[in-house]
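J.: Take this structure first; my questions come after.
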Amino acid sequence: MGLLLHQQLETDRTLVTPLASEIAQGMIDRDGTLLEKESRLRFPQPFQVPPMMDDFLPAVIQRLQYQPEQVGWWDWLFFDKATRNVLGSIGVGGPPDEAGGVGMAYSVYSHYENQGYTKEAALAVTDWILARSRCE
């Protein structure tokens, strides 16, 4: 699996990594043991996909199978640097449109809400987007 082969973004407390199609497939298959072994990340037990990601994962897989260079333009996982616990995800609506717009959304496991992790991860992904596009 290629989750940690892609560039990671670092904040004070988190690491943020683009979601690879292999990891997305493992999440659909609910194969938490394999995901943890291959990615060295810790998912909640019993295994859970970050909130609101289930419907989005098949589209990520399809996009990245045909356009692997778009890794980072669809979804990111963010996790605690110290524990390697997965905290949630940052969704990106794809590369910028003709006007330069890019949509973002986030999901976080409820026990990590209101602790600032999502803000750190979202700002890191925003910086990544701005460095690669004409977004304003």
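Quick note: the sequence shown uses the numbering used here, first residue 39, plus one each step.
Ideal placement from N, C-alpha and C gives every residue a C-beta, glycine not left out.
Everything numeric in this text was worked out from a predicted model, so none of it was measured.
1) Please report how far the alpha carbon of Tyr155 lies from the alpha carbon of Leu125, in whole angstroms.
2) In angstroms, rounded to a whole number, what distance separates the CA positions of Asn123 and Thr55?
3) Can you tell me whether Pro56 sits near the ligand GTP, meaning its C-beta is under 7 Å from at least one heavy atom of the ligand?
4) How far does the alpha helix (DSSP H) with Tyr147 in it extend, from its first residue to its last?
5) Determine the DSSP secondary structure at Ala58, reduced to helix, strand or coil.
T.: Taking the structure as given:
1) 8 Å
2) 13 Å
3) You won't find the ligand GTP in this model; it holds no ligand whatsoever.
4) Tyr147 -> no alpha helix (DSSP H), and no H or E assigned at all.
5) coil
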